[in-house]
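Asks: For the protein sequence lines, the chains are A and B, in the order given.
Each residue of the first sequence is one higher than the one before, starting from 1 at the first, in this note's numbering.
Each residue of the second sequence is one higher than the one before, starting from 1001 at the first, in this note's numbering.
One structure coming up, written as structure tokens, with questions to follow.
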Amino acid sequence: EDQVTQSPEALRLQEGESSSLNCSYTVSGLRGLFWYRQDPGKGPEFLFTLYSAGEEKEKERLKATLTKKESFLHITAPKPEDSATYLCAVLETSGSRLTFGEGTQLTVNP
Amino acid sequence: DGGITQSPKYLFRKEGQNVTLSCEQNLNHDAMYWYRQDPGQGLRLIYYSQIVNDFQKGDIAEGYSVSREKKESFPLTVTSAQKNPTAFYLCASSLTGVTNSPLHFGNGTRLTVT
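The structure is reproduced here in structure tokens:
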């Protein structure tokens, strides 16, 4: 059974304090790994798709990386508006549905 | 402005009543999905549809029903058979199925059953 584990569950940072979120996965073969951002009371918003180990994607202060067993979402010099829950999801090679992790709730204090 | 509209935002029902959640998209996407989100758990797939007049059960379909009579619309009915219906429900769509394109989500309906 596909498993996706995100850590930490919650993370508090000071504005400007860089850090990383982790998404570990267990699948027989990875077709794609997706990162989403979710604000309270809203639906998730798509950030990145990664397809193969070694791939990196960047958007403003966020950079997502992928290895064969995990993905990291690096946040450089975060701002309070980066506060949200970040979700990762994996799609197995033979699958047609995403398996989501439980998310990391990020709070950036001014 | 294209997107997914879920209504209502908040819904309250008494136990034993069926309730239907609306989901409409104007993105011209073929595939649509319903997820349930509970605190401390990842999103769980209820039903999905890759084409009009066809849909498949997800991981937690028991107590739910759907229809896909139009490309733009994918309503979800929460029946009285669903044992723990109180949750945040998210509708999503993708261009041709999640294998090829990311999901676009609506802003959810929070259902409370007492």
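Glycine included, C-beta positions come from ideal geometry on N, C-alpha and C.
#1: Out of B:Gln-1082, B:Leu-1095 and B:Gly-1106, which has the shortest C-alpha to C-alpha gap to B:Tyr-1089?
#2: Using the beta-carbon of each residue, which ones in chain A are nearer than 8 Å to B:Gln-1041?
#3: By a C-beta neighbour count over all protein chains shown, 10 Å radius and 16 as the cutoff for buried, is A:Pro-80 buried or exposed?
#4: Beta-carbon of B:Pro-1085 versus every beta-carbon of chain A: anything under 8 Å?
#5: Does DSSP put B:Asp-1038 in a helix, a strand or coil?
#6: DSSP has A:Lys-63 in a bridge; who is on the other side?
#7: Are the region 1001-1014 of chain B and the region 1042-1061 of chain B touching by the rule of at least three beta carbon pairs closer than 8 Å?
#8: Using the C-alpha atoms, what's the distance from A:Ala-77 back to B:Gly-1108?
#9: Figure out for me which residue from A:Glu-102, A:Lys-68 and A:Trp-35 has the closest Cα to the Cα of A:Ser-52.
#10: Taking three-plus beta-carbon pairs below 8 Å as touching, is the region 91-100 of chain A in contact with the region 1029-1048 of chain B?
#11: Taking C-alpha atoms, which residue in A:Lys-59, A:Ser-18 and A:Ser-71 lies nearest to A:Thr-5?
#12: Among the candidates B:Lys-1071, B:Asn-1084, B:Ile-1051 and B:Leu-1103, whose CA atom is the shortest distance from the CA of B:Arg-1013?
#13: Beta-carbon of A:Lys-42 versus every beta-carbon of chain B: anything under 8 Å?
#14: When DSSP labels each residue in this structure, what does A:Glu-45 get in the three-state scheme?
#15: In chain order, what residues of the region 27-42 of chain A put their CB closer than 9 Å to some CB of chain B?
#16: Express the C-alpha separation of A:Gln-14 and B:Met-1032 in angstroms, rounding to a whole number.
#17: I need the DSSP call for B:Asp-1054, collapsed to helix, strand or coil.
#18: Apart from the five residues on each side of it in sequence, which residues of its chain come closer than 7 Å, Cβ to Cβ, to A:Ala-84?
#19: Starting from A:Ser-24, trace the beta strand (DSSP E) both ways and give me its first and last residue.
Replies: This is what the structure gives:
#1: Relative to B:Tyr-1089, the option among B:Gln-1082, B:Leu-1095 and B:Gly-1106 whose CA is nearest is B:Gly-1106.
#2: Think of a sphere of 8 Å around the beta carbon of B:Gln-1041: the chain A residues whose beta carbon falls inside it are Glu-102, in chain order.
#3: Classification of A:Pro-80: exposed, given that the 10 Å Cβ count is below 16.
#4: Not closer than 8 Å to any Cβ of chain A, the Cβ of B:Pro-1085 fails to qualify, so no.
#5: If DSSP states are grouped into helix, strand and coil, B:Asp-1038 belongs with coil.
#6: Answer is A:Glu-58 and A:His-74.
#7: As far as the Cβ criterion goes, the region 1001-1014 of chain B does not touch the region 1042-1061 of chain B, which means the pair count is below three.
#8: One C-alpha to the other measures close to 31 Å.
#9: Distances from the alpha-carbon of A:Ser-52 to those of A:Glu-102, A:Lys-68 and A:Trp-35 put A:Lys-68 closest.
#10: Yes: the two stretches touch, three or more of their Cβ pairs being nearer than 8 Å.
#11: It is A:Ser-71.
#12: Nearest C-alpha to B:Arg-1013: B:Asn-1084.
#13: At least one chain B Cβ lies under 8 Å of A:Lys-42.
#14: It is a strand residue.
#15: Going along the region 27-42 of chain A in chain order, one finds Arg-31, Gly-32, Phe-34, Tyr-36, Gln-38, Gly-41 and Lys-42 with a Cβ nearer than 9 Å to chain B.
#16: Spanning the two alpha carbons is a distance of roughly 38 Å.
#17: Strand.
#18: Cβ neighbours of A:Ala-84 beyond the five flanking positions: Arg-37, Gln-38, Asp-39 and Leu-106.
#19: From DSSP, the beta strand (DSSP E) with A:Ser-24 extends over 19-26.
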